[in-house]
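To start, the structure under review is shown below, and the notes come after it.
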Amino acid sequence: MTNAVTNAVTNAVTNAVTNAVTNAVTNAVTSAVEVRGLTRRFGDFTAVDDVSFSVGEGEIFGFLGPNGAGKTTTIKLLAGLLSPTAGDGRVVGFDIRTDAESIKEHIGYMSQLFSLYGDLTVDENIAFFAGLYDVHGERFKARREWILEMSGLRDQGGRNTGELPLGWKQRLALGCAVMHEPPVLFLDEPTSGVDPVSRRNFWELIYTLADGGTTVFVSTHYMEEAEYCHRLALMNRGRLIALDRPAALREQMSEPILEITASHGPEAAQALREAPGVIEAAMFGRDVHVVVSDAAAATVALPAYLKGRGIAVTSIGPVRPSLEDVFVALVRREGGAVAG
């Protein structure tokens, strides 16, 4: 019995240690970004408030939130551009408090301003970023060729960057940001002001990078882009208020939503915000999405309510929540967006 107990204890301890080591190694390998209690204050203002999450290798992690939610400040903390007031974080294994310079060497960063020098040529921008990231020799030649091919600028090397159409400039900026093939790429609203076709092409590049193992951390205010992400984090007033897959976030929407097609959509949306039983009403394309407390009652009452205000309803019926519906509902529950 003594041997049996000893063997059992030994096996249990061995298994526990093995599992602990395995889990530690797995976490170290698969968590490209990890933060716990991340906080940043500017005087009396708290821009990032006790935020915790992790991002796996090769994951496309979307960061959503209204203006002033704390998205850009969080990215700057993770990119080593700001120091946290409280909390901890690691990016590619480096501590955001003590290893900021190492983090900068191992990440790519592209801001909404594209980070390019408009008075330099395409080739000069590529050479500048190559020097910044210490990419030389044959590796530089290979990376330059890849950037020119990827951005569609193979015959435009001598062209002034400031003269480029926005879509080309965007792809060039992405290429320069990953010149050194970093394991983590931060994109801060990179497609602002870009046409839908260029935006779609840009996301194809993001998927190519992620398929190659690059972790992509992207903030955006375009709901269609949010659908492309593996997971989404939603921030409001500096706090993380939701974190899940896009489909799972839509499933969390508990209130029913009606889609209304009316003769005057904007006027209908405005009027419906004051209607009994309506929680939220907003334009969705040419239609109006209305969050209600009772779908059956609202289906009958709302057409009559609008008719009394001179607005004819063509159709009304239940609809699955979009990410935009979820976004608006979650922000509303958390006190609304910061004004201004």
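In terms of the numbering used here, the sequence shown opens at residue 25 and continues consecutively.
Ideal Cβ placement from N, Cα and C applies to all residues, glycine included.
Check, Outcome
"Please specify which runs of the beta strand (DSSP E), each continuous and at least 3 residues long, are wholly inside the segment 199 to 258, giving them in chain order.", "208 to 212 and 239 to 243"
"So the beta strand (DSSP E) residue 313 belongs to, where does it begin and stop?", "311 to 316"
"Just to confirm, are residue 152 and residue 257 a CB contact at a threshold of 8 Å?", "no"
"For a minimum of 3 consecutive residues, which ranges assigned as the beta strand (DSSP E) are wholly contained in the segment 287 to 354?", "302 to 308, 311 to 316 and 337 to 342"
"According to DSSP, which residues form a beta bridge with residue 106?", "In DSSP, residue 106 forms no bridge with anything."
"Which residue from 162, 175 and 75 puts its Cα closest to that of residue 228?", "175"
"Should residue 232 be listed as close to the ligand FAD, given that the test is whether its C-beta is under 7 Å from any heavy atom?", "Absent from the structure shown: the ligand FAD. Ligands present: none."
"Using only the alpha-carbon positions, how far apart do residue 287 and residue 95 sit?", "38 Å"
"Under the DSSP definition of a beta bridge, which residues are partnered with residue 279?", "According to DSSP, residue 279 bridges with nothing at all."
"Would you kindly check if the distance between the Cβ of residue 93 and the Cβ of residue 247 is under 8 Å?", "no"
"Exposed or buried, what is residue 233 when buried is set at 16 or more other beta-carbons lying within 10 Å of its beta-carbon?", "buried"
"Select from 352, 322, 282 and 310 the residue whose C-alpha is nearest the C-alpha of residue 342.", "282"
"State the DSSP-derived secondary structure class of residue 124, mapped to helix, strand or coil.", "helix"
"Let me check understanding here. Comparing Cα to Cα, which of 157, 356, 91 and 240 lies closest to residue 277?", "356"
"Would you mind sorting residue 215 into buried or exposed? The rule is 16 or more other CB atoms within 10 Å of its CB.", "buried"
"Which residues does DSSP list as the beta-bridge partners of residue 91?", "BP columns for residue 91 are empty, so no partner."
"Using DSSP's beta-bridge definition, name the partner residues of residue 58.", "78 and 114"
"What is the residue span of the alpha helix (DSSP H) that residue 142 lies within?", "First-last for residue 142: undefined, no H or E at that position."
"Could you check whether residue 103 and residue 63 sit closer than 8 Å to each other, using their CB atoms as the reference points?", "no"
"Under 8 Å: do the segment 294 to 306 and the segment 316 to 334 share three or more Cβ pairs, one atom per stretch?", "yes"
"Give me the Cβ distance between residue 305 and residue 335, rounded to the nearest whole Å; I'm assuming they're in contact under 8 Å.", "So it is not a contact: roughly 12 Å between Cβ atoms."
"Rounded to a whole number of angstroms, what is the C-alpha to C-alpha distance between residue 275 and residue 351?", "12 Å"
"For residue 65, which residues of its own chain have a beta-carbon under 6 Å away from its beta-carbon, when the five flanking residues on both sides are left out?", "109"
"Considering just the uninterrupted stretch of the alpha helix (DSSP H) at residue 167, what are its terminal residues?", "161 to 175"
"Taking the alpha carbon of residue 210 as the reference point, which residue from 188, 185 and 244 has its own alpha carbon closest?", "244"
"Tell me, to the nearest whole angstrom, how far the beta carbon of residue 180 is from that of residue 146; I am working on the premise that it is less than 8 Å.", "6 Å"
"Name the DSSP bridge partner or partners of residue 268?", "256"
"Tell me which residue opens and which closes the beta strand (DSSP E) that residue 133 is part of.", "131 to 134"
"Could you have a look at residue 357 and say whether DSSP puts it in helix, strand or coil?", "helix"
"Please report how far the alpha carbon of residue 98 lies from the alpha carbon of residue 60, in whole angstroms.", "12 Å"
"Does DSSP classify residue 86 as helix, strand or coil?", "strand"
"Do you know offhand how far residue 349's Cα is from residue 91's?", "17 Å"
"Who pairs with residue 184 in a beta bridge, going by DSSP?", "145"
"DSSP three-state label for residue 49, please.", "Only weak support exists for where residue 49 lies, its pLDDT of 34 falling under 50; the value from the coordinates is given anyway. The answer is helix: DSSP assigns residue 49 an H, G or I state."
"Ignore the nearest five residues each way along the sequence and tell me which others in residue 204's own chain have a CB closer than 6 Å to its CB.", "157 and 159"
"Can the beta-carbon of residue 337 be found less than 8 Å from the beta-carbon of residue 208?", "no"
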